[in-house]
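The next block holds one structure in the form of structure tokens; read it before the comments.
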Amino acid sequence: MTRPPPAATATPAVPPRSRLLATIGLILGVFLAALESSVVATAMPSVIRDLGGQHLYALPFAVFLLTSTVSSPLWGRASDILGRKRLYLAGVTVFLIGSALCGAATSMTFLVLARALQGFGAGAVMPLTLTSVGELYTLQERPRVQAFISGVWGVSALVGPLLGGVLAEHVSWRWVFYVNLPFGIPAMLMVWRSLQETVTRRAGRVQIDWLGALLFTLGSGLLVWGLSLSIWWQVGAGLVVLTLAVLVELRHPAPLLPMKALAQRLPNVGLWNNLLGGAAYFGVIAYLPLYAQNVSGSATSGGLILTPMLLGWVLASIITTRLMRVMGLTRQTQLGFVVLTVVFALMVVLAHAPLGVISVLGFFVGMGMGFSMVSLLLAVQSATPRAELGATTSAMLFARQMGGALGTAGMGLLIGTAAISGGGEALVTGLQRAFVLSVVMVAVGLALSLTLRGQGIPASAAAPVRPAANADD
């Protein structure tokens, strides 16, 4: 018998009130994740003054990105099998425990380990939020929800750098981590009460790729740690283990990353461009607060220099959801990488310019990321079958965050430990080298995006991506 289309076998529509409350709860989680990423960046100079360990400056960033990156596809694949709700709640719980431990850290080593746990929980927040939104709303409805998510993300991203600087300067950097608790607990309660399960659980039918997850974790950890501390045998070992992980993925019936889907042009370009864009953007964003504090001597200025970048990303995300029918998703992706290439090139030339000039350029870097990353995610989701939606969405975020971890470690290597500790002209020169690396990466991303054919909203996107009534049909 011919299988009916997904819309025909969909479960009954979620009641509007439940859908609204579930969406609010999920968006609170996004607020949590955005606040975390922007708050911590501005507090790190205060952290190393208190705990020491200047040579480990990059690790709290890199380890958080690493564990959230590696766990993200694991959460996504598991949610395809077990359902989104319980895993979202588990992820937020782990994140909050990690946040509390970060605030209680007594050494840089303790902080790095707590950030690893925090990142593991954070790996569930964004992929499961975006996947749940993809199931609750049609692609035609999603632009409005994406715009709202971008607006909330923008508020937290704007508040975060300033809050981080103020807390670190006038209260304690520990409250930079404790501040996650008031947002995480309400998010959990809203999702627990209102989000309906959207995946029929198939216990024992499909096995999660634990070996692939272990190899990805080990290989990525060796690679990021080796780059951060210039231990080259670890870098080589990490690459070997990652190669083994890919071989395991190719043979597993339910791989951590959807290898067959990622072999297609659109998801493949999406994966590589998220990796390159994430490395260029997050690698730079980790060190700009240090540069700002070096120039001004104020922790608050470290937050102010990030604010335009985050504002630009949010503004472009909102514009993208409005223009995708007119301009197309592929064209907006290409526009984003053009902007990134031009602006990073200007940052190389103007690295010694005043903070105000760097802030203006940072705004356009954020615009480029907003156009390129949001368009790519929507395009890939529109071309992904429901059974692979969680894994594919997580794969895009995996690539972006893995790029961020590698970019943070690699740019720390280019800048140099002495420059990070001593500041001054050496720090500015080191940042200039980091900007050059960013130009190269986004230029490669631009070249890849030009290989895509026009991608807009498919006609079939009028229906929500909902699960079949019986997952075994």
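Per the numbering used here, residue 3 is the first one in the sequence shown, and the count goes up by one each step.
For every residue, glycine included, the Cβ atom is placed at its ideal position computed from N, Cα and C.
Within the same chain, show all residues whose beta-carbon is closer than 7 angstroms to that of residue i, passing over the 5 residues directly before and after it, in chain order.
| i | result |
| --- | --- |
| leucine 433 | Tyr289, Tyr293, Ala353, Ile417 |
| proline 257 | Asp211, Gly214, Glu251 |
| leucine 89 | Trp77, Ala80, Ser81, Ala126, Leu130 |
| leucine 91 | Met190, Val193, Trp194 |
| histidine 254 | Asp211, Gly214 |
| leucine 22 | none |
| valine 441 | Thr343, Phe346, Ala347, Val350 |
I'd like to know whether the C-beta atoms of residue i and residue j end up nearer to each other than 7 angstroms.
| i | j | result |
| --- | --- | --- |
| proline 75 | arginine 117 | no |
| phenylalanine 179 | serine 232 | no |
| leucine 415 | leucine 229 | yes |
| alanine 449 | threonine 343 | no |
| valine 96 | phenylalanine 122 | yes |
| methionine 1 | glycine 223 | Outside the shown range of the chain, which is 3 to 475, sits residue 1, and nothing can be said about it. |
| leucine 30 | proline 184 | no |
| valine 226 | leucine 68 | yes |
| glycine 162 | leucine 37 | yes |
| leucine 34 | glycine 186 | yes |
| phenylalanine 373 | glycine 447 | no |
| glutamine 334 | serine 451 | no |
| alanine 385 | leucine 259 | no |
| arginine 402 | asparagine 276 | yes |
| isoleucine 151 | valine 345 | no |
| leucine 341 | phenylalanine 437 | The residue asked about is misnamed: residue 341 is valine in this sequence, not leucine. No, the Cβ-Cβ distance between valine 341 and phenylalanine 437 is not below 7 angstroms. |
| methionine 110 | leucine 53 | yes |
Do you know how far the Cα of residue j is from the Cα of residue i?
| i | j | result |
| --- | --- | --- |
| leucine 84 | glycine 78 | 10 angstroms |
| alanine 279 | leucine 439 | In the sequence as presented, alanine is not what sits at residue 279; that position holds glycine. Roughly 11 angstroms between the two C-alpha positions. |
| glycine 105 | valine 114 | 12 angstroms |
| isoleucine 99 | glycine 93 | 10 angstroms |
| leucine 246 | leucine 217 | 7 angstroms |
| leucine 197 | serine 20 | 7 angstroms |
| isoleucine 321 | leucine 312 | 14 angstroms |
| leucine 391 | serine 377 | 16 angstroms |
| arginine 51 | alanine 420 | 15 angstroms |
| glutamine 295 | leucine 58 | 18 angstroms |
| alanine 65 | methionine 404 | Checking the sequence, you will find valine at residue 65 rather than alanine. Taking the straight line from one Cα to the other gives about 10 angstroms. |
| phenylalanine 400 | serine 70 | 8 angstroms |
| leucine 241 | alanine 347 | 30 angstroms |
| valine 476 | leucine 429 | What is shown of the chain runs 3 to 475, which leaves residue 476 out entirely. |
| glycine 27 | isoleucine 422 | 39 angstroms |
| glycine 406 | valine 328 | 31 angstroms |
| valine 478 | valine 72 | The question about residue 478 has no answer here: the residues shown for the chain are numbered 3 through 475. |
| leucine 138 | proline 387 | 15 angstroms |
| valine 154 | methionine 375 | 17 angstroms |
| alanine 24 | arginine 86 | 12 angstroms |
| threonine 108 | isoleucine 307 | 29 angstroms |
| glutamate 427 | tryptophan 274 | 34 angstroms |
| valine 173 | asparagine 182 | 16 angstroms |
| proline 291 | arginine 435 | 17 angstroms |
| threonine 4 | alanine 124 | Confidence is the limiting factor: at threonine 4 the pLDDT is only 36, short of 50, which leaves the residue's position unreliable and the question unanswerable from this model. |
For residue i, collect the residues of the same chain with a Cβ closer than 6 angstroms to its Cβ; drop the 5 residues on either side in sequence, then sort them by chain order.
| i | result |
| --- | --- |
| leucine 408 | Ala281 |
| alanine 45 | Gly166, Ala170, Trp175, Val178 |
| leucine 380 | Leu331 |
| methionine 443 | Leu278, Ala281, Ala282 |
| glycine 272 | Leu378, Val382, Met398 |
| proline 310 | Ser361, Gly364, Phe365 |
| asparagine 270 | Leu264 |
| threonine 431 | none |
| leucine 103 | Ala116 |
Quick one: what's got a C-beta closer than 8 angstroms to residue i's C-beta in the same chain, skipping five residues either side?
| i | result |
| --- | --- |
| tryptophan 234 | Gly228 |
| proline 18 | none |
| valine 243 | Leu217, Leu220, Gly221, Leu224 |
| threonine 453 | Arg267, Val271 |
| serine 48 | Ala170, Glu171, Trp175, Ala301 |
Could you check if residue i belongs to the surroundings of the ligand SAH, using beta carbon to heavy atom distance under 6 angstroms?
| i | result |
| --- | --- |
| valine 243 | With respect to the ligand SAH, the structure shown offers nothing to examine, as it has no ligands at all. |
Consider the Cβ of residue i: report whether some Cβ of chain B lies at a distance smaller than 7 angstroms.
| i | result |
| --- | --- |
| leucine 399 | Among the chains in the structure shown there is no chain B, since it carries only a single protein chain. |
Can you confirm whether the stretch 311–328 touches the stretch 368–375 when touching is taken to mean that 3 or more C-beta pairs between the two stretches lie within less than 8 angstroms? Verdict: yes, contact present.
Three-pair Cβ contact test at 8 angstroms for the stretch 121–139 versus the stretch 395–403: Touching, yes.
Would you call the stretch 163–181 in contact with the stretch 30–45, where contact means no fewer than 3 C-beta pairs closer than 8 angstroms? Taking a contact to require three or more Cβ pairs closer than 8 angstroms, the stretch 163–181 and the stretch 30–45 qualify as touching.
Counting Cβ pairs, one atom from each stretch, are 3 or more of them under 8 angstroms apart for the stretch 260–273 and the stretch 358–367? Here the stretch 260–273 makes no contact with the stretch 358–367; the two share fewer than three CB pairs at distances below 8 angstroms.
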